[in-house]
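In the numbering used here, the protein residues as written are 211 to 393.
A virtual CB, placed ideally from N, CA and C, is assigned to each residue, including glycine.
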Amino acid sequence: MTSAPVAGDVAPPGLMRRLAAFIYEGVVLFGVVFIAGWLYSTLTQQRNALVGQHGLQAFLFLVLGIYFIWFWSRGGQTVAMRAWHLRVVDAQGRTLTQARATARYLAAWLWFLPALASVHALGLDHSTGAIFGTMFAGIAGYLLLARLHPQRQFLHDVICGTRLITQLPPPRAKKATALPADS
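Pasting the structure below:
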């Protein structure tokens, strides 16, 4: 699916819209991760969640990569982005290539990696509250970085030469109203 380039001066979507799409994406990904986890545990005959957990994590990383790369390189919108009228494009306003979509997927882990690394470094791996608190602080910091950027772009978009735009659906054609027939 190829679409026409977008004008370069398009204002970026607001942070609240992007955050809402982020949360919606989490709901969609819950199903993707659930099915992928079931498939992995079935294929590997996994009986205990702690046995083979690193293999499962690698498999989920791959599945999530396929999900995002496929959607971003075929129209620039995931399911959640389509619902919130967001689209990712390159600097010229074109749909991403698979290589650029892959780079964006890898760089997007900057949302989470600093928080997860600090939890691991502090030895808080088994504290759910510490993990969620650190993740929340990391996401808030990442949002603040975007707020400080002149074009309100996230760090991974700046690194990869991509940007989010608002992609409103085309207006619907009005139905012609039928005039009542005279009897």
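Distance between residue 375 and residue 352 (C-alpha atoms, nearest Å): Annotation: residue 352 to residue 375 spans about 19 Å, alpha carbon to alpha carbon.
Looking at the unbroken beta strand (DSSP E) that takes in residue 229, where does it start and where does it end? No beta strand (DSSP E) contains residue 229, which is instead part of the alpha helix (DSSP H) from 225 to 253.
Enumerated in chain order, which unbroken segments of the beta strand (DSSP E) with a length of 3 residues or greater are wholly contained in the segment 257 to 331? Correct list: 296 to 300.
Tell me whether the segment 286 to 300 and the segment 252 to 269 touch, counting them as touching only if at least three CB pairs, one residue from each stretch, are closer than 8 Å. Contact fails: fewer than three Cβ-Cβ distances are below 8 Å.
Tell me which residue opens and which closes the beta strand (DSSP E) that residue 374 is part of. 372 to 376 is the extent of the beta strand (DSSP E) around residue 374.
Taking a contact to mean a Cβ-Cβ separation below 8 Å, would you say residue 357 touches residue 222 in this structure? Not a contact, by the Cβ cut-off of 8 Å.
Under the three-state reduction of DSSP, which class applies to residue 356: helix, strand or coil? Helix.
Quick one: what does DSSP say residue 333 is sitting in, helix, strand or coil? In the structure shown, residue 333 sits in coil (DSSP, three-state: anything other than H, G, I, E or B).
With a threshold of 16 other CB atoms inside 10 Å of the CB of residue 287, please say whether the residue is buried or exposed. Buried, by the Cβ-count rule.
Which residues in the same chain have their Cβ closer than 8 Å to the Cβ of residue 242, if we skip the five residues on either side of it in sequence? Only 273, 274, 277 meet the Cβ criterion.
Could you tell me the distance, in whole angstroms, from the CA atom of residue 258 to the CA atom of residue 251? Distance between the alpha carbons of residue 258 and residue 251: 9 Å.
Buried versus exposed call for residue 280 [16 or more other C-beta atoms within 10 Å across all chains shown]: Around the CB of residue 280, fewer than 16 other CB atoms lie within 10 Å, so the residue is classed as exposed.
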